[in-house]
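Here the sequence shown stands for residues -18 to -1, 1 to 377, where the numbers follow mature numbering (1 follows the signal peptide of the UniProt record, and there is no 0).
Yeah, the Cβ is synthetic: ideal placement off N, Cα and C, and Gly gets one too.
Here the structure is a predicted model, which means the values were calculated and not measured.
One structure is given here, and the rest of the page talks about it.
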Amino acid sequence: MLASSFVSLALSFATAAANHVTCTWRPGLETPDKYGYVSFCTARKEYIDDKHQRFMCTSDLSIKVADWGFLGEEILEMATPCNGGGYAKKSHCDKGSWGVCFPPSKQYNGTTCRFWDRFDDCEWPVFLSFFELPDNVTIWYNWTPGPEDPNKYNYTILCQAFKYEDNHKQARYLCKGPNQVKVADWGYLRPKTLEFGTACNGGGYGGQLCDRRSWGVCLPKTFENPNLNCRYMDRYDDCQWPQLLAYDELPEDVTICLSPALANHFFCNWDGPGADVPEKYNYERYCSAIQTWADDTHATYTCELSGVKVADWGYLQEGVLEIATPCNGGGYGDKHECSSHNWAACVNLSNVNSTHKVNLFPWKCYYFSRHDDCQWPTAFTKSELPETVVIYRDE
């Protein structure tokens, strides 16, 4: 019945939630890459006995994505990605529907795909005999907040990376600025393939910004498309552009952007218990964080001893100092430290024009909840930016 040797599984994002369904819904007839899907893993068929098989990812993930014969005789069942015990990361489960695709075969003129909600599992709509089972399945995924420019979804630009040609078969994309980190290359993974490197996995370029869960990779605007042409990925992934690009199709630059931090976002406006230093109100100093420049419009603040990032400037918006969350996803506080419900951030305003100051006192402190980040209420120019941010927590 099915002569094909593999199945493609694809991921997109929608709504609704259920339990067990039959795989019947589909958004269109195209292959997953036409919708911007990228490969997640290849899962090979593992023989258990003549009536039972399972499909396990062959990468380090070693996760089961489908099985055959367990739900019922000759039933191929796709496992739930996001319900109890599901195999997907939390970052892939904020929204969405998933899909399974059989590639072209003698039976089908084109690829046949079926989709289901992230909280469901689904069984293939027809029975498959032992001899009709594919040898392996391929998981695909894609996530996008929408078709408009990333700033519409509160993403901020990390850098614009320009093409440096090694030859007509290979090229690299390096961020503009003093660091010139490589964020993408073309022709190295395989011919005509544009690959974006991981931000936060081993050797990734994200550094102290890895509290940002989702990252966007964008090709330039065109006459036909007034928006950046973007795909999105998890901070721990790399991703391959879904279409092959010939040498003369390569963009001169690409843009890397990142999502807001994982926290409840507020303006810093709570003055706390009083105008004195936090120690006077039984707050303990967590650390003094030193300014590190990424370029003329971006900087981070990292604790002197631990090296954790507690604030950044210019990433949320131009000129904005953002104090990071201590205790929400990716926060810098450990379990013991996060027993403190309230935290404070203090900066020295001696470099700032007097209109920014409070009674001309050089230090200003704002307080915030452990699960929040907060945006300093006034913007800073480069010359005004404080050299340190001091973080406190209640005892």
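CB-CB under 7 Å to residue i, same chain, minus the five flanking residues each way: which ones, in chain order?
i: residue 300; result: 279
i: residue 395; result: The shown model of the chain, from -18 to 377, leaves out residue 395, and the question about it has no answer.
i: residue 137; result: 198, 239, 240 and 241
i: residue 62; result: 68, 101, 102 and 103
i: residue 142; result: 158, 235 and 237
i: residue 174; result: 226, 227 and 228
i: residue 290; result: 284 and 314
i: residue 364; result: 278
Can you look up residue i in the DSSP assignment and give me helix, strand or coil?
i: residue 314; result: coil
i: residue 110; result: coil
i: residue 203; result: coil
i: residue 198; result: strand
i: residue 231; result: helix
i: residue 135; result: helix
i: residue 90; result: Annotation note: pLDDT 45 at residue 90 (below 50); position unreliable, coordinate value reported separately. The answer is coil: DSSP assigns residue 90 none of H, G, I, E or B.
i: residue 151; result: coil
i: residue 66; result: coil
i: residue 225; result: coil
i: residue 262; result: helix
i: residue 351; result: strand
i: residue 319; result: helix
i: residue 162; result: coil
i: residue 81; result: strand
Taking residue i as the reference, which of the options has the closest Cα?
i: residue 251; options: 156, 29, 325 and 265; result: 325
i: residue 34; options: 115, 69, 66 and 67; result: 115
i: residue 117; options: 290, 38, 255 and 7; result: 38
i: residue 376; options: 133, 351 and 358; result: 351
i: residue 359; options: 371, 368 and 303; result: 303
i: residue 210; options: 272, 133, 140 and 290; result: 133
i: residue 273; options: 221, 329, 320 and 267; result: 329
i: residue 297; options: 219, 190, 220 and 373; result: 190
i: residue 25; options: 82, 222, 135 and 231; result: 82
i: residue 353; options: 306, 7, 149 and 66; result: 306
i: residue 6; options: 293, 231, 98 and 361; result: 98
i: residue 166; options: 29, 150 and 233; result: 233
Using the Cβ count rule (16 or more neighbours within 10 Å means buried), how would you classify residue i?
i: residue 181; result: buried
i: residue 317; result: exposed
i: residue 27; result: buried
i: residue 281; result: buried
i: residue 169; result: buried
i: residue 308; result: buried
i: residue 155; result: buried
i: residue 379; result: With the chain covering only -18 through 377, there is no way to say anything about residue 379.
i: residue 176; result: buried
i: residue 94; result: buried
i: residue 265; result: buried
i: residue 346; result: buried
i: residue 410; result: Nothing about residue 410 can be read from this structure; the chain reaches only from -18 to 377.
Give me, in chain order, the residues of the same chain whose beta-carbon lies closer than 6 Å to that of residue i; leave out the 5 immediate sequence neighbours on both sides.
i: residue 334; result: 366
i: residue 339; result: Confidence in residue 339 is poor, its pLDDT being 44 and thus under 50, which makes the residue's placement too unreliable to answer from.
i: residue 255; result: 263
i: residue 2; result: 103
i: residue 64; result: 70, 75, 100 and 101
i: residue 153; result: 145, 147 and 168
Compute the minimum distance between the beta carbon of residue i and the heavy atoms of the ligand GTP, and state whether it is under 8 Å.
i: residue 218; result: What this structure holds is no ligand at all, so the ligand GTP is not there to describe.
Sorted by chain position, which residues of the same chain lie with C-beta nearer than 8 Å to residue i's C-beta, five sequence neighbours on each side aside?
i: residue 59; result: 48, 49, 50, 52, 53, 103, 104, 105 and 106
i: residue 287; result: 269
Contact the region 106 to 115 vs the region 147 to 162: 3+ CB pairs below 8 Å: no
Do the region 198 to 209 and the region 254 to 270 make contact, defined as three or more Cβ pairs closer than 8 Å? no
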